[in-house]
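A.B. asks: Read in my numbering, the sequence shown has 283 at position 270, and its numbers run on one by one without any break.
We put the CB at the ideal spot given by N, CA and C, even for glycine.
The structure presented is a predicted model; accordingly, all values stated were derived computationally and were not measured.
Below you'll find the structure I mean.
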Amino acid sequence: MLTAIVGINWGDEGKGRMVDLLSEGYGVICRYQGGNNAGHTVINDRGKFILNLMPSGILRDGVVNVMGCGMVVDLEHLCGEIDTLWEKGVKVTPENLKISDKAFICMPYHKTQDILEEERLSDKRYGSTRRGIAPVYGDKYLKKGLRMGDLLDFRTLKQKLSDIIEWKNLTLTGYGGKAELTDTMRWLHEYGKRLCPYIADTSEYLSKAVLSGKDILFEAQLGALRDIEYGIYPYTTSSQTLASYATCGAGIPGMKLDRVIGVMKAYSSCVGEGPFTVEMFGAKADELREAGSEYGAATGRKRRVGGFDVPASRYGIQVQGADELALTKLDVLSYMDKIPVCVEYETDGVKTDRFPFGDRLLRAKPVYEYLDGFKTDISKCRKPDELPDAAIRYIRFIEDAVGCPIKYVSVGAGRDEYIVLE
């Protein structure tokens with residue numbers, strides 16, 4: 014069974030929580046895109062973990078975790094993440110972590126370029142996490158970079174890097190910055206050497222895993238609306254966040270998925286710039302943000318929040334090809350008397366239930382319906398019939414509106430705080 018767990022909206026839907034929950038039934042967990050620009054927060058019996066690069070399956074004993082060729086890897090950040098896991102009693106070894114030799118390296122000068130460009134853009138910025146993601150993916154497609162496999166031969170690495178830095182400084186000097194060969198080589202030695210034992214031909218490993226009948230779970234970062242092709246460009250990430258890219262970004266492009274699980278919150282949240290039609294402001298936003306602890310796992314930034322967005326979610330389900338859904342953080346809404354759900358957009362006086370793009374999205378206004386709140390703590394519920402009727406009505410309303418079955422409902426952050434629906 015090849016399964017992908019993907020985000021339906023803007024990211025931060027709770028994918029890491031669902032991967033942690035479902036990973037028990039899989040032998041291999043694979044991250045297939047993105048870098049350390051977003052994070053997965055997982056809470057289980059070992060404690061609370063924020064994972065930026067590491068697949069969420071690292072918290073399961075006996076699971077092999079793969080960082081696929083579609084990822085970009087900040088060596089220093091990954092070493093820090095490994096150290097933190099060891100400190101919390103989670104073993105990270107070449108047996109349970111394999112990094113693709115084809116994954117691209119996010120260099121210090123990528124972060125410098127990212128920061129300088131955001132500062133140049135000022136109030137027109139894209140909302141970058143300033144961790145070098147756009148520059149490193151840009152260099153990947155310009156064929157001006159290093160891959161993890163290059164770390165396995167430091168005899169040729171210096172010359173490769175020298176040529177790249179000479180080219181890169183043509184850009185950085187325009188910003189008033191500069192990359193130094195000696196400092197960058199020292200960085201590669203310090204952190205790259207530590208990671209060499211984990212570097213592998215993960216395409217070969219995954220192909221053998223499929224042939225031997227192992228079940229593989231593919232883990233995505235961010236959501237459909239942040240996809241570089243199908244998201245709210247240019248306010249997107251720089252990689253493909255869709256399930257259809259899973260096997261390609263993992264390293265086995267000839268394989269096909271059997272199942273796609275889409276994850277979406279019971280309300281909406283968004284980090285970064287760009288159109289967010291359902292955004293709340295003022296006291297209402299603060300109340301929802303605090304109730305849901307809506308702060309970015311990677312950066313700590315306040316998330317923008319709002320009611321559930323049907324047009325955006327229906328579009329996300331379509332492009333993700335979701336077979337079933339997980340609805341997270343339903344318990345957060347327990348304080349509301351009336352729960353807002355955006356069922357349509359209105360642009361220039363015309364209503365639509367389709368998700369628009371371009372200038373139409375920038376001018377869109379939400380059209381709400383309000384459902385009765387359930388006004389009770391549901392965090393101890395473990396079966397559908399333990400939920401209050403109003404909560405069940407809310408779930409079914411969302412399910413009918415987006416046109417895809419909801420199978421999992423999380424009622425808390427803990428590993429066992431969820432309900433499986435019929």
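Whose C-beta lies closer than 6 Å to the C-beta of E193 among residues of the same chain, with five residues either side of it excluded?
C.D. replies: Translated into the one-based positions of the sequence shown, residue 193 becomes position 180. Hits under 6 Å: none found.
A.B. asks: By how many angstroms is the C-alpha of V291 removed from the C-alpha of V356?
C.D. replies: As a position in the sequence shown, residue 356 is number 343, starting the count at 1. As a position in the sequence shown, residue 291 is number 278, starting the count at 1. Roughly 10 Å separates the two Cα atoms.
A.B. asks: Taking the Cβ atom as the reference point for each residue, do T215 and L235 lie within a distance shorter than 7 Å?
C.D. replies: By one-based count along the sequence shown, residue 215 stands at place 202. By one-based count along the sequence shown, residue 235 stands at place 222. No.
A.B. asks: Which residue comes first and which comes last in the alpha helix (DSSP H) that contains G244?
C.D. replies: Reading the sequence shown from its first residue, position 231 is the one you call residue 244. Note, G244: premise wrong, no alpha helix (DSSP H); not H, not E.
A.B. asks: Could you have a look at F167 and say whether DSSP puts it in helix, strand or coil?
C.D. replies: Position 154 of the sequence shown, counted from the start, is the residue given in the question as residue 167. Three-state DSSP puts F167 in a helix.
A.B. asks: Helix, strand or coil: how does DSSP classify T341 here?
C.D. replies: Mapped onto the sequence shown, residue 341 falls at position 328. Strand at T341.
A.B. asks: Three Cβ pairs or more, each shorter than 8 Å: is that satisfied between the stretch 301 to 317 and the stretch 119 to 131?
C.D. replies: No, the stretch 301 to 317 is not in contact with the stretch 119 to 131.
A.B. asks: Contact defined as beta carbons within less than 8 Å: I believe D33 pairs with N57. What is the distance between those atoms, to the nearest angstrom?
C.D. replies: On the sequence shown, residue 33 is found 20 positions in, with the first residue counted as 1. On the sequence shown, residue 57 is found 44 positions in, with the first residue counted as 1. 6 Å between Cβ atoms; contact.
A.B. asks: Using 10 angstroms around the beta-carbon of S141, count the other beta-carbons present and answer buried if the total reaches 16, otherwise exposed.
C.D. replies: One-based indexing of the sequence shown puts residue 141 at position 128. Flag for S141 reads buried.
A.B. asks: Within its chain, find whatever has a CB closer than 7 Å to the CB of I95; leave out the 5 residues flanking it on each side and keep chain order.
C.D. replies: Along the sequence shown, one-based indexing puts residue 95 at 82. Cβ within range, chain order: V105.
A.B. asks: Whole angstroms are fine: how far does the CA of L340 sit from the CA of E26?
C.D. replies: Numbered from 1 along the sequence shown, position 13 holds the residue referred to as residue 26. Numbered from 1 along the sequence shown, position 327 holds the residue referred to as residue 340. Rounded to the nearest angstrom, the two C-alpha atoms are 9 Å apart.
A.B. asks: Relative to the C-alpha of P419, which candidate in R199, L170, G275 has its C-alpha closest?
C.D. replies: By one-based count along the sequence shown, residue 419 stands at place 406. The identity of residue 419 in the sequence shown is Ile, whereas the question assumes Pro. Measuring from the Cα of I419, the nearest candidate turns out to be G275.
A.B. asks: Assuming P68 contacts C92 under a Cβ cut-off of 8 Å, what Cβ separation, rounded to an integer in Å, is found between them?
C.D. replies: In the sequence shown, counting from the first residue as 1, residue 68 sits at position 55. In the sequence shown, counting from the first residue as 1, residue 92 sits at position 79. Rounded, the Cβ-Cβ distance is 16 Å, inconsistent with contact.
A.B. asks: Can you name the residues that DSSP bridges to T360?
C.D. replies: The sequence position of residue 360 within the sequence shown is 347, counting from 1. V363, per the DSSP bridge assignment.
A.B. asks: Measure the C-alpha to C-alpha separation of A233 and I391 and round it to an integer number of angstroms.
C.D. replies: Indexing the sequence shown from 1 puts residue 233 at position 220. Indexing the sequence shown from 1 puts residue 391 at position 378. Between A233 and I391, the C-alpha separation is close to 28 Å.
A.B. asks: Using only alpha-carbon positions, find the residue among P397, K297, R160, L400 that is nearest to K351.
C.D. replies: Position 338 of the sequence shown, counted from the start, is the residue given in the question as residue 351. K351 has its Cα closest to that of K297, out of P397, K297, R160, L400.
A.B. asks: Nearest-angstrom Cα distance between G371 and V318?
C.D. replies: On the sequence shown, position 358 is the one that residue 371 refers to. On the sequence shown, position 305 is the one that residue 318 refers to. Their Cα atoms are separated by approximately 21 Å.
A.B. asks: Assuming the contact rule is C-beta atoms closer than 8 Å, A256 and G334 should be a hit. Round their C-beta distance to whole Å, please.
C.D. replies: The residue labelled residue 256 in the question sits at position 243 within the sequence shown. The residue labelled residue 334 in the question sits at position 321 within the sequence shown. Going by Cβ atoms, the distance from A256 to G334 rounds to 6 Å, so yes, they are a contact pair.
A.B. asks: Are the stretch 142 to 159 and the stretch 80 to 88 touching by the rule of at least three beta carbon pairs closer than 8 Å?
C.D. replies: The stretch 142 to 159, when compared against the stretch 80 to 88, does touch it at the 8 Å Cβ threshold.
A.B. asks: By a C-beta neighbour count over all protein chains shown, 10 Å radius and 16 as the cutoff for buried, is C209 buried or exposed?
C.D. replies: Taking the first residue of the sequence shown as position 1, residue 209 is located at position 196. Classification of C209: exposed, given that the 10 Å Cβ count is below 16.
A.B. asks: CB-CB under 7 Å to K173, same chain, minus the five flanking residues each way: which ones, in chain order?
C.D. replies: Along the sequence shown, read from residue 1 onward, the residue named residue 173 stands at position 160. Around K173: L159, D163.
A.B. asks: Under 8 Å by Cβ, that's how I've got T16 and L270 pegged, so tell me the actual separation to the nearest angstrom.
C.D. replies: Here residue 16 corresponds to residue number 3 of the sequence shown, with the count starting at 1. Here residue 270 corresponds to residue number 257 of the sequence shown, with the count starting at 1. So it is a contact: roughly 7 Å between Cβ atoms.
A.B. asks: Does T294 come out as helix, strand or coil in the three-state DSSP assignment?
C.D. replies: Stepping through the sequence shown from its first residue, residue 294 is reached at position 281. One detail in the question is off: residue 294 reads as Phe in this sequence, not Thr. Note: F294 maps to coil in three-state DSSP.
A.B. asks: Are the beta-carbon atoms of W23 and C283 separated by less than 7 Å?
C.D. replies: As a first step, residue 23 must be located in the sequence shown, where it is residue number 10. As a first step, residue 283 must be located in the sequence shown, where it is residue number 270. Their beta carbons are under 7 Å apart, which means W23 touches C283 by this criterion.
A.B. asks: Please state whether DSSP places Y308 in a helix, a strand or coil.
C.D. replies: Reading the sequence shown from its first residue, position 295 is the one you call residue 308. If DSSP states are grouped into helix, strand and coil, Y308 belongs with the strands.
A.B. asks: Using 10 angstroms around the beta-carbon of M14, count the other beta-carbons present and answer buried if the total reaches 16, otherwise exposed.
C.D. replies: As a first step, residue 14 is located in the sequence shown; it is residue number 1 there, counting from the start. Exposed, by the Cβ-count rule.
A.B. asks: Which of the three DSSP states, helix, strand or coil, is assigned to Q126?
C.D. replies: For this step, residue 126 is matched to residue 113 along the sequence shown. Correct three-state label for Q126: helix.
A.B. asks: Would you list the residues sitting across from A213 in a DSSP beta bridge?
C.D. replies: Within the sequence shown, residue 213 is the residue found at index 200, counting from 1. DSSP lists S113 as partners of A213.
A.B. asks: Measure the alpha-carbon distance for A48 versus G386 and round it to whole angstroms.
C.D. replies: Working through the sequence shown from its first residue, we reach residue 48 at position 35. Working through the sequence shown from its first residue, we reach residue 386 at position 373. Contrary to the premise, residue 48 reads as Gly rather than Ala in this sequence. Going by the C-alpha atoms only, they are around 38 Å apart.
A.B. asks: Please classify R367 as buried or exposed, where buried requires at least 16 other C-beta atoms within 10 Å of its C-beta.
C.D. replies: Start at 1 with the first residue of the sequence shown, and residue 367 comes out as number 354. That one is exposed.
A.B. asks: Scan the stretch 168 to 240 and note each continuous beta strand (DSSP E) run of 3 residues or more that stays entirely inside, going in chain order.
C.D. replies: The qualifying runs are 229 to 236.
A.B. asks: Note down, in chain order, each residue of its chain lying with its Cβ closer than 6 Å to the Cβ of L201, except the 5 sequence neighbours on either side.
C.D. replies: Taking the sequence shown and counting its residues from 1, the one referred to as residue 201 is at position 188. Contacts found: none.
A.B. asks: Applying the 10 Å Cβ sphere with the 16-neighbour rule, what's the burial state of R239?
C.D. replies: For the purposes of this step, residue 239 is taken as the residue at position 226 of the sequence shown. Its Cβ being crowded by 16 or more others within 10 Å, R239 is buried.
A.B. asks: Taking 7 Å as the cut-off, decide whether the C-beta atoms of F231 and A279 are in contact.
C.D. replies: Within the sequence shown, the letter at position 218 stands for residue 231. Within the sequence shown, the letter at position 266 stands for residue 279. Result no, Cβ atoms of F231 and A279 do not sit closer than 7 Å.
A.B. asks: If we ignore side chains and look at the alpha-carbon of each, how far apart do D413 and Y421 end up?
C.D. replies: Counting from one through the sequence shown, the residue named residue 413 turns up at place 400. Counting from one through the sequence shown, the residue named residue 421 turns up at place 408. Their Cα atoms are separated by approximately 15 Å.
A.B. asks: Verify whether the separation of the beta carbon atoms of A377 and Y407 is less than 7 Å.
C.D. replies: Here residue 377 corresponds to residue number 364 of the sequence shown, with the count starting at 1. Here residue 407 corresponds to residue number 394 of the sequence shown, with the count starting at 1. No, these two residues do not count as a Cβ contact at 7 Å.
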